[in-house]
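Here the protein sequences line up with chains A and B, keeping their order. Count the first sequence with my numbering and you get residues 1 to 242, in order. Count the second sequence with my numbering and you get residues 1 to 333, in order. Every residue gets a Cβ at the ideal spot worked out from N, C-alpha and C, and that includes glycine. Worksheet: one structure, shown below.
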Amino acid sequence: MNNQSSEAPQIRIYPLGTDGYVLRISDSLTAAANAAAIALAGAAEQLAEAVEVAPSLTSVLVRFDPSVTMRASFVAKLEALIRSFEAAEYEPQRRWTIPVCFDHAAAPQLAEVSALTGLSEAELVANLCGAKLSVLALGFAPGQPYIGILPQAWDIPRQTALTDAVPTGAITVAVRQIVLFANRSATGWRQIGQCAFRPFDLQRAPQVALRAGDEIRFAPIARVEFDPLWADPFGGARLESL
Amino acid sequence: MTQLIVKSGGAHLSVQDFGRRGHFASGISVGGAADPMALCEAAALLGGFGATLEMAGHGGRFSFDQTSEVALTGAPMRVSVDGKPLIWGAVHRIERGAVLDIGAAEKGVYGYLTPRGGIQSEDLLGSRSVQAGAGIGRAIEAGDALAIGGGTAALVKLRQSDRFSGGLIRFVKGSQSHLFNADTFARFEQSDFKRDLRGNRQGVALAFDGEGFTAEGQLSRVSDFITVGDIQMTGDGRPYVLLADCQTIGGYPRIGTVIPADIPKIAQASAGAPLQFQCISLEEADALHFDPQKETQALRRNVEPIVRDPGEIADLLTYQLIGGMIAGDEEWL
């Protein structure tokens, strides 16, 4: 029996290395595909043979232990999971409000992004702080969020050359998404702001602050308000339950 | 508790074990020793698994506040104790206060100093492995004193697999292999690469002659999961193979993933070492599955006493206990 309707996304299975599979919902990022990935990860957690499950932007990673589980039987379980999966609307359960500084030192590439998008710097800031955003996935570095989805005008490519280093808390953009850097890092994304919120801190509880699906709001602040926020474990970010 | 004292050395030294699993959803990769085979060698020599001190390129000077047995595995490095040369791939007894001097790698990249009982550093999310760049633990500094488990071990050696000079690397296809057209894929398998000078625990760059290996939609593809062994093509189509401390999500296209059994060979290839790539099926890869317990058991079969001048052996009784000492299967992690 196939209870997948014609509307349902065709989820494809690809190997990732020798002990995992990626269940890919879509090749392009949409809010629906991301919500489906988060929901599918929840469903995959129920598989007894899965030793690890993680959602990404539009896919889910499921790992098995090849010493214990036969590949063919694991793939059959994943296929059954996909057949029975029905994507549902996802409602965020938590909202973070994160203060962000946009002065020149904190936003060295704001002018560049203005030229690429055709939006003025003021429009970019208003846009970023007004958009309905959520944590699409955590990844790349510990606790580090991919946040989106920004309006179409923000569909700019990554740089071909890497910036040597963006600082901790850098708000960077590319392909309608934001990455909020957990650590000083080289990157191909352009920095248009900075916050004092650290997505990961081994000495803090919780060590990883964000979860995939959390709603995110950015609040613009001036440099004089920004600098003291480093003393706060959460960089002045506020968390509300929805 | 017995301590390993770092008299000189620095950021190229880090405490490692097999890494941490189960944190991928939080963006935390497995990490762990760049050459997991070296941990198996140490376990076969010492009779149990324990956290080790990984040394990238060269070692440092070390001493112990109690007489301690240590295994030296992974890339062979120049080593002496109080000026007397030692052999690599073996267990040595370091007298209290003696200076263990570990120099540059003679071949390969990552050498490992594993004390009996393992290094008992703090637990970091279920592992002692440090990923300093990711904010998990910190790099070693001269003057650090690391607690070790201690205990005694027989003075034995083993024959190390030669994984320090490059060679043929096997890989499997992944979610983006089909983005490379048949000609590009074939050219990749036929090309002669060299391990580039650029490399660290996150990955190694490969040098080659000729045009890059590019996929369709190189710069705008949706970021997706990446894993250890992934062969990713950076903006100009140059291959970069991901190692233990790689990120969890990336945007560059990947032609495939090096199988775990060949990770030691790519991590340990010296700069300039020749490398070639061969695509194999998942079923072939399963037959080559890397299981640390099984690798260690296999290595134990070629553990043998260090042949020494009987005149130098201070305690013959201890020496005769070798058979019993290596039968253990403890975990000190």
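Checklist entry - Assuming residue 139 of chain B and residue 120 of chain B make a contact with CB atoms under 8 Å, what is their CB distance in whole Å? => result Contact between residue 139 of chain B and residue 120 of chain B does not hold, since the beta-carbon distance rounds to 18 Å and is not under 8 Å.
Item to check | Alpha-carbon to alpha-carbon, residue 131 of chain A and residue 184 of chain A | outcome: Between the C-alpha atoms of residue 184 of chain A and residue 131 of chain A there is a straight-line separation of about 26 Å.
Item to check | Separation of residue 105 of chain A from residue 168 of chain A, as counted between CA atoms | outcome: Between residue 168 of chain A and residue 105 of chain A, the C-alpha separation is close to 13 Å.
Item to check | Backbone secondary structure at residue 71 of chain A - three-state DSSP | outcome: Note: residue 71 of chain A maps to helix in three-state DSSP.
Checklist entry - Which residues in chain B sit within 8 Å of residue 58 of chain A, going by Cβ to Cβ distance? => result From the beta-carbon of residue 58 of chain A, the residues of chain B found nearer than 8 Å are 222, 224.
Item to check | Helix, strand or coil at residue 108 of chain A [DSSP, three-state] | outcome: DSSP places residue 108 of chain A in coil when its eight states are reduced to three.
Checklist entry - Between the segment 197–204 of chain B and the segment 280–294 of chain B, do at least 3 Cβ pairs fall closer than 8 Å? => result Contact between the segment 197–204 of chain B and the segment 280–294 of chain B is absent, because fewer than three Cβ pairs lie under 8 Å.
Item to check | Residues bridged to residue 169 of chain B [DSSP beta-bridge criterion] | outcome: Paired residues: B/277.
Checklist entry - Hey, would you say residue 193 of chain B sits closer than 8 Å to residue 276 of chain B, going by beta carbons? => result In contact: residue 193 of chain B and residue 276 of chain B (Cβ atoms closer than 8 Å).
Checklist entry - residue 300 of chain B lies in the alpha helix (DSSP H); which residues open and close that run? => result Note, residue 300 of chain B: alpha helix (DSSP H), 292–300.
Next on the checklist: By alpha-carbon positions, which one of A/79, A/145, A/200 ends up nearest to residue 173 of chain A?
Outcome noted: Comparing alpha-carbon positions, the option among A/79, A/145, A/200 lying closest to residue 173 of chain A turns out to be A/145.
Item to check | Own chain, CB closer than 7 Å to residue 18 of chain A, minus 5 neighbours either side, in chain order | outcome: Excluding residues within five positions, the ones whose Cβ falls inside 7 Å are 66.
Checklist entry - From the DSSP output, which residues share a beta bridge with residue 54 of chain B? => result DSSP, once it has assigned bridges, lists B/14, B/112 as partnering residue 54 of chain B.
Next on the checklist: In this structure, how does DSSP classify residue 117 of chain A when only helix, strand and coil are distinguished?
Outcome noted: In this structure, DSSP gives residue 117 of chain A a helical state, which the three-state scheme calls helix.
Next on the checklist: Residues of chain B with CB closer than 7 Å to the CB of residue 14 of chain A, please, in chain order.
Outcome noted: From the beta-carbon of residue 14 of chain A, the residues of chain B found nearer than 7 Å are 174, 175.
Checklist entry - Between the C-alpha atoms of residue 164 of chain B and residue 33 of chain B, what's the straight-line distance to the nearest angstrom? => result Our two residues, residue 164 of chain B and residue 33 of chain B, have alpha carbons roughly 15 Å apart in a direct line.
Next on the checklist: When you compare the CB of residue 152 of chain B with every CB in chain A, is at least one pair closer than 8 Å?
Outcome noted: It does not: the Cβ of residue 152 of chain B has no partner Cβ on chain A nearer than 8 Å.
Checklist entry - Around the C-beta of residue 123 of chain B, are 16 or more other C-beta atoms found within 10 angstroms, so that it is buried, or is it exposed? => result Taking all protein chains in view, the Cβ of residue 123 of chain B is surrounded by fewer than 16 other Cβ atoms within 10 Å, so the residue is classified as exposed.
Item to check | Distance CB(residue 324 of chain A)-CB(residue 148 of chain A) smaller than 8 Å | outcome: Absent from the structure is residue 324 of chain A, since the part of chain A shown begins at 1 and ends at 242.
Item to check | Residue from A/162, A/142, A/11 whose Cα sits closest to the Cα of residue 27 of chain A | outcome: For residue 27 of chain A, the nearest C-alpha among the options comes from A/11.
Item to check | N-terminal and C-terminal residue of the alpha helix (DSSP H) that residue 37 of chain B is part of | outcome: Counting along the chain, the alpha helix (DSSP H) containing residue 37 of chain B begins and ends at 36–46.
Checklist entry - In the segment 134–148 of chain A, which residues sit with their C-beta less than 9 Å from some C-beta in chain B, listed in chain order? => result Residues of the segment 134–148 of chain A that bring their beta carbon within less than 9 Å of a beta carbon in chain B comprise 137, 138, 139, 140, 141, 142, 143, 144, 145, 146, in sequence order.
Next on the checklist: Just to confirm my understanding: we take residue 74 of chain B, look at its own chain, exclude 5 residues before and 5 after, and list those with CB closer than 6 Å. What are they?
Outcome noted: Excluding positions up to five away in sequence, the list reads 35, 38, 110, 111, 112.
Checklist entry - Which whole-angstrom value is the C-beta distance of residue 235 of chain A and residue 198 of chain A, which I expect to be below 8 Å? => result That belief holds up - the Cβ atoms of residue 235 of chain A and residue 198 of chain A are roughly 6 Å apart, short of 8 Å.
Checklist entry - Hey, residue 116 of chain B and residue 51 of chain B: beta-carbon distance below 8 Å or not? => result Their beta carbons are not under 8 Å apart, which means residue 116 of chain B does not touch residue 51 of chain B by this criterion.
Item to check | Interface residues of the segment 268–301 of chain B facing chain A [CB-CB below 7 Å] | outcome: Under the 7 Å Cβ criterion, the segment 268–301 of chain B contributes 282, 285, 286, 289, 291.
Checklist entry - Are the beta-carbon atoms of residue 64 of chain B and residue 2 of chain B separated by less than 8 Å? => result The criterion of a C-beta distance shorter than 8 Å is satisfied by residue 64 of chain B and residue 2 of chain B.
Item to check | Check whether residue 12 of chain B and residue 55 of chain B have beta carbons under 8 Å apart | outcome: In this structure, residue 55 of chain B lies closer than 8 Å to residue 12 of chain B by Cβ.
Next on the checklist: Once the 5 residues before and after residue 98 of chain B are set aside, which same chain residues still bring their CB inside 6 Å of it?
Outcome noted: Taken in chain order, the residues that qualify are 81, 82.
Item to check | DSSP-derived helix/strand/coil call for residue 28 of chain B | outcome: DSSP places residue 28 of chain B in coil when its eight states are reduced to three.
Checklist entry - In terms of alpha-carbon separation, which member of B/176, B/133, B/125 lies closest to residue 208 of chain A? => result When each option's Cα is compared against that of residue 208 of chain A, the closest is B/125.
Next on the checklist: So residue 50 of chain A and residue 63 of chain A are supposed to be a Cβ contact under 8 Å. How far apart are they, rounded?
Outcome noted: About 7 Å separates the two Cβ atoms, so the contact holds.
Next on the checklist: Determine, for residue 164 of chain B, whether the minimum Cβ-Cβ distance to residues of chain A falls below 8 Å.
Outcome noted: Taking a beta-carbon distance threshold of 8 Å, residue 164 of chain B does not count as an interface residue toward chain A.
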